[in-house]
Amino acid sequence: EKGAFTNAGHLRIGCFEAAQGGTLFLDEISHISPAIQAKLLRVLQNREIQRIGSNEKIQVDLRIISATSENLLNDHLREKLGVLDPFYYRLQQYIITVPRLSERKSDIPLLAEYFIKHLNNAYSKRVRIHPQTLQSLINYDWPGNVRELQNLSKRAFINAYDDGEIRTEHFELDIFAGTDQPLDGLDERARLVLKYLRLSHFNIEKALKLMIAENAFHPTRKTLIRYTRELSLWFLVHKNWDLAMAIKALAGDEALVKNAAKKYRDYLIGDKSQNGLLTFLQENQNTTILGLFRKIHHPLVMQLIGYFSEKNQAVGLWKKTLDRYL
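According to the working numbering, numbering within the sequence shown proceeds without interruption in unit steps and concludes at 328.
Encoded structure:
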């Protein structure tokens, strides 16, 4: 209301009142503070609002659509994020689950061309995407989903501004190296780390700076080194211990991660006078051993232990393959 506070020189209507008779979209509701959630809950329950500085209650009739990138069906995660149960259940009338972009590959060319078309209109240009580049986009995993595709499309548009055609290199496609990627079992944090390792050509210091600059999570140098070794192992497992194929899938350039793979190989196998860790795990596949390993190592490797148990990989084959290559 006019005069409700300093500099309130005229009446201003809020979002709910402006959306009267229409639809209001609330994005990233999992990041709304509990205090704001409580206020929104009153609006959702009573279908009425009250302007600041006024005692009058105004009835509102509108549709609410909300979105979040978090899995709020998970009670523990919901509690951790501070999402109030009454607020959540009030919004939970009909849920539409949108799959990750990597799970709907056919949408990728449509979205990329839409983003470029929008930029062309904004800057009066006629930049197009080369068909082969579209295939590269389809092959990429897109851990950042549509937002990442949109941001990289802007980058490519700028890089190709004078050329008139967007090619793979305009996306700075070192992040696309090795598009045959067995990423289905990796958690979101591991995918994010892999993305920045590729962007930085697996240079740990550069990866750290990139992650800080783009406000990703801030790991220590030691954590990134650990991830590099474990990602090496992950790709080795899923490429049936073929080191050349694993490195190609992981980074595209064997020189980038060859040393990391070798160090991790040595750590797993150990010298000939001792049982290697992999042998030890295979010979002692029980909850006690797995529990001990969980305490001393990263959770990502726990998934690999399960894979070892299932596939019963032989240490001799693993060592023979790596020794031949290294």
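For every residue, glycine included, the Cβ atom is placed at its ideal position computed from N, Cα and C.
{"query": "Only counting the same chain, and skipping five residues up and downstream in sequence, which positions put a Cβ closer than 6 angstroms to that of residue 111?", "result": "136"}
{"query": "For a quick check, are the C-beta atoms of residue 72 and residue 61 less than 9 angstroms apart?", "result": "no"}
{"query": "Reducing DSSP to helix, strand and coil, say where residue 130 ends up.", "result": "strand"}
{"query": "Quick one: what's got a C-beta closer than 7 angstroms to residue 19's C-beta in the same chain, skipping five residues either side?", "result": "51, 60 and 62"}
{"query": "In the DSSP assignment, the alpha helix (DSSP H) including residue 155 goes from what residue to what residue?", "result": "147-161"}
{"query": "Give the DSSP-derived three-state secondary structure of residue 59 in the structure shown.", "result": "strand"}
{"query": "Rounded to whole angstroms, what's the CA-CA distance from residue 115 to residue 156? Just pull it up for me.", "result": "11 angstroms"}
{"query": "Work out the CA separation of residue 117 and residue 160 for me, nearest whole Å.", "result": "12 angstroms"}
{"query": "DSSP state of residue 64, grouped into three classes?", "result": "coil"}
{"query": "Roughly how many angstroms separate the alpha carbons of residue 148 and residue 107, rounded to a whole number?", "result": "12 angstroms"}
{"query": "Using the rule of at least 16 other Cβ atoms within 10 Å of the residue's Cβ for burial, across every protein chain shown, is residue 40 buried or exposed?", "result": "exposed"}
{"query": "Between residue 113 and the rest of its own chain, which residues show a CB-CB distance below 7 angstroms, the 5 nearest in sequence each way excluded?", "result": "148 and 151"}
{"query": "If you drop the 5 nearest sequence neighbours on each side, which residues of the same chain put their C-beta closer than 7 angstroms to that of residue 199?", "result": "209 and 230"}
{"query": "Our contact map puts residue 31 next to residue 93 with C-beta atoms below 8 angstroms; I'd like the distance itself, whole angstroms only.", "result": "7 angstroms"}
{"query": "Rounded to a whole number of angstroms, what is the C-alpha to C-alpha distance between residue 58 and residue 45?", "result": "14 angstroms"}
{"query": "Report all residues from its chain with a CB closer than 7 angstroms to the CB of residue 297; omit the five preceding and five following residues, and keep chain order.", "result": "Because the pLDDT of residue 297 is 37, which lies under 50, any placement of that residue in the model is unreliable, and the number read from its coordinates should be weighed accordingly. Contacts found: none."}
{"query": "Mind checking which residues open and close the beta strand (DSSP E) that includes residue 26?", "result": "25-28"}
{"query": "As a quick exercise: from 54, 65 and 121, pick the residue whose alpha carbon is nearest that of residue 47.", "result": "65"}
{"query": "Given a threshold of 16 other Cβ atoms within 10 Å of its Cβ, counted over all protein chains shown, does residue 142 qualify as buried or as exposed?", "result": "buried"}
{"query": "Does DSSP put residue 167 in a helix, a strand or coil?", "result": "strand"}
{"query": "State buried or exposed for residue 202, treating a residue as buried only when at least 16 other CB atoms are found within 10 Å of its CB.", "result": "buried"}
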